[in-house]
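Residue numbers (our numbering), protein chains in the order written: chain A, 4 to 257; chain B, 30 to 328.
Cβ coordinates follow ideal geometry from the N, Cα and C atoms, glycine included.
Here is the structure we will look at, set down as structure tokens.
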């Protein structure tokens with residue numbers, strides 16, 4: 004199977020620089036401080052944020068006196084992939100992804116604003132179709148914005164690959180992951196262009212790295228634009244219903 | 030058979046009350062540049078860029094507030110940020126030496142010092158070691174209290190006091206949790222509603238609904254908890270209806286204050302209490318409440 008046809012189309016009919024369709028929603032739960040849902044193609048992820056709050060239980064021994072303690076848990080629903088998973092969380096792979104998500108988000112969160120506090124981030128993959136890590140970071144970012152947690156900017160992740168040894172592809176689907184080819188995952192802060200995390204699944208020639216990396220960063224910028232639109236729409240809608248918290252003389256809101 | 034309703038996610042009712050209305054204040058999202066004017070000061074929700082020290086950027090998503098040179102961005106929803114004089118409702122989480130720790134839905138637990146409560150028996154009484162040993166008698170873990178914010182510590186945690194008869198331990202009633210940003214700041218947060226129940230609208234987003242006591246001034250203060258008193262059925266139904274009304278108007282992000290709750294209660298009378306939990310009815314109650322608030326404003 005070829006990753007790219009002669010006409011320059013990918014297996015699912017996208018062009019090399021096209022993202023999958025992104026749908027997102029903020030504020031899906033009432034109980035959590037912040038929550039979000041994102042669909043990137045067929046990859047579907049829910050994220051919730053609790054806190055910053057007083058550390059309770061085990062975390063009390065690990066509090067930092069100058070910054071927030073950030074906990075992150077990645078879990079993948081047992082029905083999310085083609086083959087049924089045995090453990091939704093806690094296996095080696097999930098733990099590794101949890102650590103990576105935490106690393107990407109801590110680069111963006113202004114933890115110094117919340118000393119002695121704890122911030123819990125939970126992400127759950129409902130359907131896995133490639134780019135799970137990327138969708139998780141993006142969903143967690145939206146949930147953090149929804150929770151009103153101070154951030155330097157959005158943390159956005161995107162993957163890229165190389166087809167036919169020369170053409171860089173953005174936003175890799177599960178099929179493309181399986182067909183072979185290297186997979187470069189980048190979590191970045193797209194406004195300043197900083198890279199928070201970079202991971203490579205296979206070796207490829209270092210000559211190709213700049214263009215693959217550039218394609219992934221471009222993808223991050225495109226996703227950032229979509230996330231930002233969602234945030235604006237959400238803030239505008241909720242803010243308008245509450246009259247922006249403004250009051251007139253008689254104490255009537257509107 | 031229990032009557033359980035299950036619906037598809039695609040049939041979810043949108044709680045939005047605004048239909049294509051125009052005009053909004055300027056919004057900022059995290060990382061967006063607010064200004065590169067060097068004379069401004071950075072307030073809450075903003076930060077100075079690390080690379081270019083002149084550029085002021087937003088760190089939360091929300092509206093901008095400007096007081097002379099100070100620029101703040103206020104998020105649409107966040108944890109409770111206490112201010113001196115706020116009325117709060119909280120739950121005791123810990124009893125320590127000379128203080129109680131209170132969970133007030135803020136970033137850190139608040140502190141209620143034994144010296145800032147009115148102990149039973151006389152206003153001005155020396156606090157002895159005996160009192161410290163009796164602390165768990167007055168308030169124990171899990172008790173709900175209403176209190177006022179006395180001061181804010183440098184790490185952002187709050188110090189509370191209950192030095193007034195209206196504050197103190199809460200006994201019988203219903204607690205509702207709503208986003209703190211939906212509580213309107215007013216002079217008075219204790220209301221005896223016309224419909225026959227009372228509410229405490231805590232600035233921290235905890236709303237306490239309780240039956241109006243027959244003696245007017247006694248209020249809810251002190252450390253006595255009367256659990257023997259039987260609340261009759263009508264009062265309970267009124268409280269349950271109020272609770273559902275509060276949930277309905279906050280689901281549609283309307284601000285909570287005495288008249289909005291009263292209007293919602295009146296508009297909800299067309300429905301049974303149980304029906305008020307279905308999304309369509311919640312939306313209808315919120316819509317009618319908003320309409321009445323608007324009509325009141327226009328008149």
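| Which of the three DSSP states, helix, strand or coil, is assigned to residue 74 of chain A? | Here residue 74 of chain A sits in strand by DSSP.
| message | I'd like to know if residue 58 of chain B contacts chain A, where contact means its C-beta is closer than 8 Å to some C-beta of that chain. | response | So yes, residue 58 of chain B belongs to the interface.
| field | Proximal chain A residues relative to residue 137 of chain B, where beta-carbon distance stays under 7 Å | value | Here the neighbours are 57, 119, 120.
| Can you check whether the CB of residue 120 of chain A is closer than 8 Å to the CB of residue 71 of chain A? | Against a cut-off of 8 Å, the Cβ pair of residue 120 of chain A and residue 71 of chain A comes out as a contact.
| query | Does the separation of the CB atoms of residue 272 of chain B and residue 238 of chain B fall below 8 Å? | reply | Result yes, Cβ atoms of residue 272 of chain B and residue 238 of chain B sit closer than 8 Å.
| task | Using beta-carbon positions only, say whether residue 192 of chain B and residue 242 of chain B come within less than 8 Å of one another. | result | Not a contact, by the Cβ cut-off of 8 Å.
| Where residue 256 of chain A and residue 290 of chain B are concerned, what is the direct C-alpha to C-alpha distance, given to the nearest angstrom? | Note that residue 256 of chain A has pLDDT 49, beneath the 50 cutoff, so the model's placement of it is unreliable and the number below is only indicative. In this structure, the straight-line span from the alpha carbon of residue 256 of chain A to that of residue 290 of chain B is close to 13 Å.
| said: Could you tell me the alpha carbon to alpha carbon distance between residue 181 of chain B and residue 113 of chain B, rounded to whole angstroms? | reply: Rounded to the nearest angstrom, the two C-alpha atoms are 7 Å apart.
| CB of residue 148 of chain A to nearest heavy atom of the ligand ADP: below 7 Å? | The ligand ADP is absent from the structure shown, which contains no ligand whatsoever.
| field | Option nearest residue 227 of chain A by Cα separation, candidates A/193, A/236, A/24, A/149 | value | Ranking A/193, A/236, A/24, A/149 by CA distance to the CA of residue 227 of chain A puts A/193 first.
| message | Using only CA atoms, which one of B/225, B/296, B/309 lies nearest to residue 320 of chain B? | response | Of the listed residues, the one whose Cα sits closest to residue 320 of chain B is B/296.
| task | Spell out whether any CB of chain A is found under 8 Å from the CB atom of residue 246 of chain B. | result | For residue 246 of chain B, the predicted structure reports a pLDDT of 48, less than 50, and the residue's modelled location is therefore unreliable. The matter cannot be settled from this model.
| task | Could you check the C-alpha separation between residue 234 of chain A and residue 76 of chain A for me, to the nearest Å? | result | Per the coordinates, the alpha-carbon of residue 234 of chain A lies some 23 Å from the alpha-carbon of residue 76 of chain A.
| request: Locate the beta strand (DSSP E) running through residue 221 of chain B, then write down its first and last residues. | output: Residues 219-221.
| query | Can we say the segment 163-179 of chain A touches the segment 114-128 of chain A, given the rule of at least three CB pairs closer than 8 Å? | reply | No, because fewer than three Cβ pairs between the segment 163-179 of chain A and the segment 114-128 of chain A fall closer than 8 Å, the two stretches do not touch.
| request: Note down the Cα distance separating residue 255 of chain B from residue 200 of chain B, rounded to an integer number of angstroms. | output: Going by the C-alpha atoms only, they are around 6 Å apart.
| query | residue 194 of chain A CB to nearest chain B CB: under 8 Å? | reply | Contact of residue 194 of chain A with chain B is assigned, a C-beta pair being separated by under 8 Å.
| query | Which class does residue 325 of chain B belong to by DSSP, given the choice of helix, strand or coil? | reply | Correct three-state label for residue 325 of chain B: helix.
| message | Taking CB distances under 8 Å as the criterion, tell me whether residue 92 of chain B reaches chain A. | response | Closer than 8 Å to some Cβ of chain A, the Cβ of residue 92 of chain B qualifies, so yes.
| Within chain A, the residues that residue 54 of chain B reaches when beta carbons sit closer than 7 Å | Using a Cβ-Cβ cut-off of 7 Å, residue 54 of chain B is close to 247 of chain A, given in chain order.
| task | Quick one: list the residues of chain A neighbouring residue 283 of chain B, beta-carbon separation under 7 Å, in chain order. | result | By Cβ distance, chain A contributes 244, 245.
| How would you list, in chain order, the residues of chain A whose beta-carbon sits under 8 Å from the beta-carbon of residue 76 of chain B? | The contacting residues are 113, 153, 155.
| task | List the residues of chain A whose Cβ lies closer than 7 Å to the Cβ of residue 209 of chain B, in chain order. | result | Here the premise fails: no neighbours, minimum Cβ distance about 10 Å.
| request: Measure the alpha-carbon distance for residue 52 of chain A versus residue 204 of chain A and round it to whole angstroms. | output: Approximately 29 Å, taken between the alpha carbons.
| message | Determine whether the beta carbon atoms of residue 305 of chain B and residue 280 of chain B lie at a separation below 8 Å. | response | Not in contact: residue 305 of chain B and residue 280 of chain B (Cβ atoms no closer than 8 Å).
| query | Would DSSP call residue 125 of chain A helix, strand or coil? | reply | Residue 125 of chain A: strand per DSSP, three-state reduction.
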